[in-house]
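Below is one structure, written out as structure tokens; the observations come after it.
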Ligand code: F6R
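Residue numbers (full-length UniProt numbering): 250 to 615.
Dropping the structure here:
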């Protein structure tokens with residue numbers, strides 16, 4: 250049932266090229282310049298009149314929501330707020346009738362997310378679900394939705410759900426951008442083409458497996474680890490840290506790279522591995538100067554860079570090279586080596602990768 254892999258988590262990491270394709274199949278028609286998703290089409294007026302989009306989720310799904318915040322705001326110019334469902338539901342949140350709420354959940358059973366949806370509906374908002382499990386409580390409770398087609402995710406650590414959630418959310422943002430005219434025609438078409446080839450690039454990113462294993466060997470005994478990224482890759486830093494802590498039990502924190510100097514830099518010494526997401530697109534030069542700051546404090550730098558990178562290669566202790574894509578789509582690629590790194594570290598530490606201690610696949614109690 251693990252398809253020849255040692256663990257479900259590894260199998261699910263490797264399924265990503267296929268499930269991303271399954272998720273956009275029939276919805277993304279790149280050559281025709283069309284995105285069609287029934288749940289969005291049927292409610293297009295609601296989306297187009299939205300004064301605000303509120304994204305509600307927990308854990309890894311919340312990280313996908315954060316990536317979506319950057320994408321939606323850039324593509325559609327609709328203001329977005331991303332909320333932990335558990336915080337949202339208990340603070341008498343301000344919800345307007347012209348707010349669109351997007352709830353993200355792999356399992357579709359997360360208690361806090363479900364309660365937050367009920368609250369938003371009571372206050373008159375339109376609630377759209379992005380779920381993986383068909384017929385789940387959240388998919389039934391929402392007014393409309395779009396499923397991810399990741400297939401069953403068995404490993405407790407979410408991997409393929411994350412990338413397929415981002416795929417669905419990116420398609421929604423592109424569809425709305427087209428209707429609103431907030432992306433130029435050429436950018437719209439370029440993104441469609443780029444999204445279509447993401448599965449091939451994810452496949453290529455999976456070839457970093459040996460490198461990830463080699464790096465894992467060096468850092469498996471670390472007791473702390475810092476993850477840094479900026480812009481679209483700030484949420485990827487959070488997700489990288491979550492993956493490491495939940496399956497390897499190494500304390501890890503994700504930070505926006507520029508926040509380092511507001512506190513976490515105090516932690517950096519020769520014992521501290523720092524994973525920096527530094528693809529060529531985006532805030533490259535700024536991230537390079539963050540890397541220099543880590544280096545001058547003797548931190549150990551593991552950098553995820555675009556293939557062919559020279560500058561970071563010179564500074565970092567280890568580099569993982571990934572294929573190039575535009576900044577907005579890069580989380581789909583940069584997240585892959587971080588999943589592999591956590592996986593190998595956890596295996597080397599003898600941890601129960603698929604069923605980490607104290608965790609449940611779906612959190613049906615608050
Ligand atoms: C992390 C993880 C959890 C879930 C969270 C939300 O790898 O699996 O953080 O992402 O419990 O679960 P869903 O998406 O099912 O609502």
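By construction, the Cβ of each residue, glycine as well, lies at the ideal position given by its N, Cα and C atoms.
As the structure is a prediction and not an experimental result, all values here were calculated from the model.
Straight-line CA distance for residue 472 to residue 491? If you number the chain shown from 1, residue 472 lands on position 223. If you number the chain shown from 1, residue 491 lands on position 242. Computed Cα separation, rounded: 14 Å.
DSSP beta-bridge partners of residue 380: By 1-based counting over the chain shown, the position of residue 380 is 131. Bridge partners of residue 380: 354.
CB of residue 307 to nearest heavy atom of the ligand F6R: below 7 Å? Reading the chain shown from its first residue, position 58 is the one you call residue 307. Checking every heavy atom of the ligand F6R against the Cβ of residue 307, one is found closer than 7 Å.
Bridge-paired residues (DSSP) for residue 504: Working through the chain shown from its first residue, we reach residue 504 at position 255. DSSP, once it has assigned bridges, lists 477 as partnering residue 504.
With distances taken between CB atoms, is the gap from residue 301 to residue 269 smaller than 8 Å? As a working note, residue 301 is residue 52 in the chain shown. As a working note, residue 269 is residue 20 in the chain shown. The answer is no: Cβ separation not under 8 Å.
Would the beta-carbon of residue 604 be found less than 7 Å away from any heavy atom of the ligand F6R? Residue mapping note: residue 604 aligns to position 355 of the chain shown, counting from 1. No, Cβ of residue 604 sits at least 7 Å from all heavy atoms of the ligand F6R.
C-beta atoms of residue 375 and residue 295 nearer than 8 Å: By one-based count along the chain shown, residue 375 stands at place 126. By one-based count along the chain shown, residue 295 stands at place 46. Yes.
With H, G and I counted as helix, E and B as strand and the rest as coil, what does DSSP make of residue 598? As a first step, residue 598 must be located in the chain shown, where it is residue number 349. Note: residue 598 maps to coil in three-state DSSP.
With hydrogens ignored, establish whether the beta-carbon of residue 442 is closer than 7 Å to any heavy atom of the ligand F6R. Stepping through the chain shown from its first residue, residue 442 is reached at position 193. Result no, Cβ not under 7 Å from the ligand F6R.
What are the residues that DSSP puts in a beta bridge with residue 348? Translated into positions along the chain shown, residue 348 becomes position 99. Partner(s): 301.
Looking at the structure shown, is residue 288 part of a helix, part of a strand, or coil, going by DSSP? Stepping through the chain shown from its first residue, residue 288 is reached at position 39. Here residue 288 sits in helix by DSSP.
Let me know the secondary structure DSSP gives residue 570 once reduced to three states. What you label residue 570 is simply residue 321 of the chain shown in a count that begins at 1. If DSSP states are grouped into helix, strand and coil, residue 570 belongs with the strands.
Using a Cβ-Cβ cutoff of less than 6 Å, which residues in the same chain neighbour residue 555 once the five nearest sequence positions on both sides are dropped? One-based indexing of the chain shown puts residue 555 at position 306. These residues qualify, in order along the chain: 528, 529 and 573.
Can you give the Cα-Cα distance for residue 617 and residue 424, rounded to whole angstroms? Residue numbering for the chain in the displayed model covers 250 to 615; residue 617 lies beyond these limits and cannot be assessed.
The stretch 526-546 touching the stretch 557-577, judged by at least three CB pairs closer than 8 Å: yes
Is it true that the CB of residue 277 sits closer than 8 Å to the CB of residue 350? Mapped onto the chain shown, residue 350 falls at position 101. Mapped onto the chain shown, residue 277 falls at position 28. Their beta carbons are not under 8 Å apart, which means residue 350 does not touch residue 277 by this criterion.
Tell me, please, whether the stretch 502-516 touches the stretch 604-612 by the rule of three or more beta-carbon pairs shorter than 8 Å. no
Measure the alpha-carbon distance for residue 433 versus residue 280 and round it to whole angstroms. If you number the chain shown from 1, residue 433 lands on position 184. If you number the chain shown from 1, residue 280 lands on position 31. Computed Cα separation, rounded: 16 Å.
Can you determine whether any heavy atom of the ligand F6R sits closer than 7 Å to the C-beta of residue 491, and answer yes or no? As a first step, residue 491 is located in the chain shown; it is residue number 242 there, counting from the start. Residue 491: yes, Cβ under 7 Å from the ligand F6R.
What are the boundary residues of the alpha helix (DSSP H) that includes residue 456? What you label residue 456 is simply residue 207 of the chain shown in a count that begins at 1. Counting along the chain, residue 456 falls outside any alpha helix (DSSP H), and DSSP gives it neither H nor E.
Measuring straight from C-alpha to C-alpha, what distance separates residue 335 and residue 306? For this step, residue 335 is matched to residue 86 along the chain shown. For this step, residue 306 is matched to residue 57 along the chain shown. About 8 Å.
So is the beta-carbon of residue 591 under 7 Å away from any non-hydrogen atom of the ligand F6R? As a position in the chain shown, residue 591 is number 342, starting the count at 1. No, the ligand F6R has no heavy atom inside 7 Å of this Cβ.
Quick one: does the C-beta of residue 405 sit closer than 7 Å to a heavy atom of the ligand F6R? The sequence position of residue 405 within the chain shown is 156, counting from 1. At least one heavy atom of the ligand F6R is nearer than 7 Å to the Cβ of residue 405, so yes.
Using only the alpha-carbon positions, how far apart do residue 354 and residue 608 sit? Residue numbering aside, residue 354 sits at position 105 when the chain shown is read from its first letter. Residue numbering aside, residue 608 sits at position 359 when the chain shown is read from its first letter. The straight-line gap from Cα to Cα measures roughly 16 Å.
Would you mind stating whether residue 582 and residue 565 have Cβ atoms separated by less than 8 Å? The sequence position of residue 582 within the chain shown is 333, counting from 1. The sequence position of residue 565 within the chain shown is 316, counting from 1. Taking 8 Å as the Cβ cut-off, residue 582 and residue 565 do not qualify as a contacting pair.
Can residue 612 be considered in contact with the ligand F6R, in the sense that its beta carbon sits closer than 7 Å to one or more heavy atoms? Position 363 of the chain shown, counted from the first residue, corresponds to residue 612. Yes, the ligand F6R has a heavy atom inside 7 Å of this Cβ.
Tell me whether residue 314 sits in a helix, a strand or coil according to DSSP, three-state version. Within the chain shown, residue 314 is the residue found at index 65, counting from 1. Three-state DSSP puts residue 314 in a helix.
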